[in-house]
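Just so we're on the same page, the numbering used here is the position in the sequence shown counted from 1, plus 91. Glycine included, each C-beta is placed from N, C-alpha and C at the ideal position. First the structure, in the form of structure tokens, and then the observations on it.
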Amino acid sequence: MKLLEHQSKELFRAKGVAVPPSGGAIEDLGRLAAALKRAGRGPWVLKAQVLAGGRGKAGGVKLARTPREARELARQILGMTLISPQTGPQGVKVASLLVEGGAKIERELYLSIVLDRKAACPVVIASAQGGMEIETLAHERPEAIVRVPVDPDQGLLDYQGRRLGYALDIPAERMREFVALAKALCRVFLDYDCSLVEVNPLVLTPKGLLALDGKVIVDDNALFRQKALAALPDLESSRLEREAKRHGISYIGLDGNIGCMVNGAGLAMGTMDTIALAGGTPANFLDVGGAADQQRVTKAFQILLKDRKVKAVLVNIFGGIVRCDMIAAGVIAAVRKVKLKIPLVVRLQGTNVDKGRALLKESGIRLTTAEDLWEAAQKAVAAAKTAAEA
Ligand code: GDP
Ligand code: MN
92 MKLLEHQSKE
102 LFRAKGVAVP
112 PSGGAIEDLG
122 RLAAALKRAG
132 RGPWVLKAQV
142 LAGGRGKAGG
152 VKLARTPREA
162 RELARQILGM
172 TLISPQTGPQ
182 GVKVASLLVE
192 GGAKIERELY
202 LSIVLDRKAA
212 CPVVIASAQG
222 GMEIETLAHE
232 RPEAIVRVPV
242 DPDQGLLDYQ
252 GRRLGYALDI
262 PAERMREFVA
272 LAKALCRVFL
282 DYDCSLVEVN
292 PLVLTPKGLL
302 ALDGKVIVDD
312 NALFRQKALA
322 ALPDLESSRL
332 EREAKRHGIS
342 YIGLDGNIGC
352 MVNGAGLAMG
362 TMDTIALAGG
372 TPANFLDVGG
382 AADQQRVTKA
392 FQILLKDRKV
402 KAVLVNIFGG
412 IVRCDMIAAG
422 VIAAVRKVKL
432 KIPLVVRLQG
442 TNVDKGRALL
452 KESGIRLTTA
462 EDLWEAAQKA
472 VAAAKTAAEA
């Protein structure tokens with residue numbers, strides 16, 4: 092789960108990481124005046140709250156010297172479509188705006204904590220080159236990046252913090268403050284079950300160190316014990332993805348036009364690959380799950396058909412624990428319920444496959460069957476092509 096900058100900074104504040112004075116995030120201009128007041132005397136910084144970086148260059152971060160200027164800039168940012176290298180060409184709409192007191196920047200540093208899967212522990216990554224994207228830096232000047240592994244039971248230790256500080260050229264009189272901040276950021280990472288904590292830039296100001304930006308990703312597998320975070324609104328999923336989740340279906344919308352219904356995540360991935368190999372593009376990833384029943388199959392059908400891009404449907408089920416006759420009955424019920432008007436290709440294999448195929452045949456429903464996945468994928472691709480041209 093990705094957090095917005097202002098949510099990330101709440102976690103920072105809770106663990107004692109210094110952040111700029113906040114006026115809070117607002118969703119309409121009417122709340123600007125109060126937010127400016129909360130953030131102090133100005134100048135202020137107005138920051139688009141979207142789940143993507145590169146906002147500065149995309150016009151989503153602006154400095155305002157007067158309330159009047161703040162109003163004008165807030166009007167521009169709220170509701171704008173922000174396009175950065177991280178949003179894709181379609182961009183994202185800005186629904187909320189963070190108001191903060193502006194900071195006087197002396198130097199910009201980079202500090203992040205990620206999970207190092209190879210070392211099986213968190214690792215702090217730091218560089219004196221803040222503001223710059225770490226991917227670019229890793230490519231162009233890998234020697235400018237330092238890494239320090241963190242023991243998850245102990246957090247960052249003082250000597251490790253100092254080692255980072257020396258590498259970043261932190262002035263001696265600020266070393267203590269820096270070490271405390273680095274340790275606190277590691278506490279954020281560990282206590283909130285994060286897979287990423289990134290501060291870019293971490294800045295030196297005349298008044299001290301500040302986390303000027305904040306990006307946090309919380310491990311979804313830990314959300315059961317991060318109740319406050321789990322209760323935040325889901326900003327990452329589309330409407331259909333949220334609907335699917337409520338029904339226990341794993342669904343991810345994609346760009347193509349072949350709707351897929353598959354049981355098992357591995358088979359779903361294999362199905363998508365095979366569609367691509369046959370020259371088509373899947374409209375979604377959909378795993379109905381191992382314990383799919385008739386109701387869930389119907390629901391899955393309804394969800395994948397709500398995507399208007401879908402020109403053909405491919406059902407690919409391997410009956411192991413689920414029986415093919417049950418799936419067939421589910422498909423028949425679903426097709427009748429949703430009054431399916433687009434081509435349907437069904438490939439069943441496994442437990443009770445004969446019964447399942449017989450049911451499909453007797454139903455009189457217009458569909459194409461296939462013996463194996465390759466045949467099914469080719470038929471679905473051909474059907475989608477014909478339907479798209481019609
Ligand atoms: P990002 O572009 O999405 O990573 O957004 P950031 O929060 O990192 O902001 C982009 C840039 O805006 C920073 O690297 C800073 O150079 C600048 N910036 C942000 N806040 C302030 C501030 O309070 N004062 C000044 N002078 N610059 C700021
Ligand atoms: Mn940034």
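Worksheet item: Which first and last residues belong to the alpha helix (DSSP H) in which F315 is found?
Response: Indexing the sequence shown from 1 puts residue 315 at position 224. Taken as a continuous stretch (DSSP letters only), F315 belongs to no alpha helix (DSSP H), as it is neither H nor E.
Discussion item. Quick check on this structure: which residue in A467, D445, R156 and V152 has the alpha carbon closest to the alpha carbon of I168?
Written reply: As a working note, residue 168 is residue 77 in the sequence shown. Looking at the Cα atoms, V152 is the closest of the given residues.
Worksheet item: At a cut-off of 7 Å, is P292 close to ligand 2 when judged by its beta-carbon and the heavy atoms of the ligand?
Response: By 1-based counting over the sequence shown, the position of residue 292 is 201. Result yes, Cβ under 7 Å from ligand 2.
Worksheet item: Under a three-way DSSP split, which group does R198 fall into?
Response: Taking the first residue of the sequence shown as 1, we reach residue 198 at position 107. R198 falls in the strand class under three-state DSSP.
Fill in: For G145 and S187, believed in contact at Cβ under 8 Å, the rounded distance
Numbered from 1 along the sequence shown, position 96 holds the residue referred to as residue 187. Numbered from 1 along the sequence shown, position 54 holds the residue referred to as residue 145. Wrong, their Cβ atoms sit about 18 Å apart, outside the cutoff.
Worksheet item: K93 by DSSP, collapsed to three states: which one?
Response: By one-based count along the sequence shown, residue 93 stands at place 2. Three-state result, K93: strand.
Practice prompt. Spatial neighbours of A367 within its chain, please: CB distance less than 8 Å, with the 5 preceding and 5 following residues excluded, ordered by chain position.
Written response: If you number the sequence shown from 1, residue 367 lands on position 276. Result list for A367: P373, in chain order.
Practice prompt. Have a look at the DSSP bridge pairing and note the partners of W135.
Written response: Taking the first residue of the sequence shown as position 1, residue 135 is located at position 44. According to DSSP, which records beta bridges pairwise, W135 is partnered with A155 and G192.
Discussion item. So, at 7 Å on beta carbons, what are the nonlocal neighbours of L358 in its own chain, with the 5 sequence-adjacent residues on each side left out?
Written reply: Counting from one through the sequence shown, the residue named residue 358 turns up at place 267. The answer, listed in chain order, is N407 and F409.
Worksheet item: Which class does Q251 belong to by DSSP, given the choice of helix, strand or coil?
Response: Counting from 1 along the sequence shown, the entry for residue 251 is found at position 160. It is helical.
Worksheet entry | Close-in-space but distant-in-sequence residues of the same chain around A474 (CB under 6 Å, 5 per side omitted) | For the purposes of this step, residue 474 is taken as residue 383 along the sequence shown, with counting starting at 1. Correct list, in chain order: A403 and P434.
Item to complete: Compare the beta carbon distance of V237 and L287 with 8 Å and say whether it is the shorter of the two.
Response: Counted from its first residue, the sequence shown places residue 237 at position 146. Counted from its first residue, the sequence shown places residue 287 at position 196. Their beta carbons are not under 8 Å apart, which means V237 does not touch L287 by this criterion.
Worksheet item: Helix or strand or just coil, what does DSSP make of P112?
Response: In the sequence shown, counting from the first residue as 1, residue 112 sits at position 21. Residue state, collapsed to three classes: coil.
Discussion item. Cutting at 7 Å between CB atoms, please list the residues of its own chain near A210, excluding the five before and the five after it.
Written reply: Residue mapping note: residue 210 aligns to position 119 of the sequence shown, counting from 1. P240.
Item to complete: Return the CA-CA distance between T296 and A302, expressed in angstroms with no decimal places.
Response: Taking the sequence shown and counting its residues from 1, one reaches residue 296 at position 205. Taking the sequence shown and counting its residues from 1, one reaches residue 302 at position 211. For T296 and A302, the distance between alpha carbons rounds to 11 Å.
Worksheet item: Does the Cβ-Cβ distance between R156 and L120 come in under 8 Å?
Response: Within the sequence shown, numbered from 1, the residue matching residue 156 stands at position 65. Within the sequence shown, numbered from 1, the residue matching residue 120 stands at position 29. For R156 and L120, no; Cβs fall outside 8 Å.
Discussion item. Looking at ligand 2, does it come within less than 7 Å of D284, judged from the CB to the closest heavy atom?
Written reply: Along the sequence shown, read from residue 1 onward, the residue named residue 284 stands at position 193. No.
Practice prompt. Return yes when the C-beta of G246 is under 7 Å from any heavy atom of ligand 2, and no when it is not.
Written response: Position 155 of the sequence shown, counting from 1, holds the residue named residue 246. Result no, Cβ not under 7 Å from ligand 2.
Fill in: Cα-Cα separation between A468 and M360, rounded to whole angstroms
As a working note, residue 468 is residue 377 in the sequence shown. As a working note, residue 360 is residue 269 in the sequence shown. Approximately 13 Å between the Cα atoms of the pair.
Discussion item. Going by C-alpha to C-alpha distance, which of V190, Q393 and A149 sits closest to A335?
Written reply: Sequence index remark: in the sequence shown, residue 335 carries index 244 (1-based). The shortest Cα separation from A335 among V190, Q393 and A149 belongs to Q393.
Discussion item. Rounded to whole angstroms, what is the Cα-Cα separation between L293 and A319?
Written reply: In the sequence shown, residue 293 corresponds to position 202, counting from 1. In the sequence shown, residue 319 corresponds to position 228, counting from 1. Cα to Cα, the separation comes out at about 26 Å.
Discussion item. Quick check on the DSSP output: the beta strand (DSSP E) that includes D378 runs from which residue to which?
Written reply: Here residue 378 refers to the residue found at position 287 of the sequence shown. Counting along the chain, the beta strand (DSSP E) containing D378 begins and ends at N375 to D378.
Worksheet item: Tell me which same chain residues have a C-beta within less than 6 Å of the C-beta of I412, skipping the five on either side of it?
Response: In the sequence shown, residue 412 corresponds to position 321, counting from 1. Contacts found: G381.
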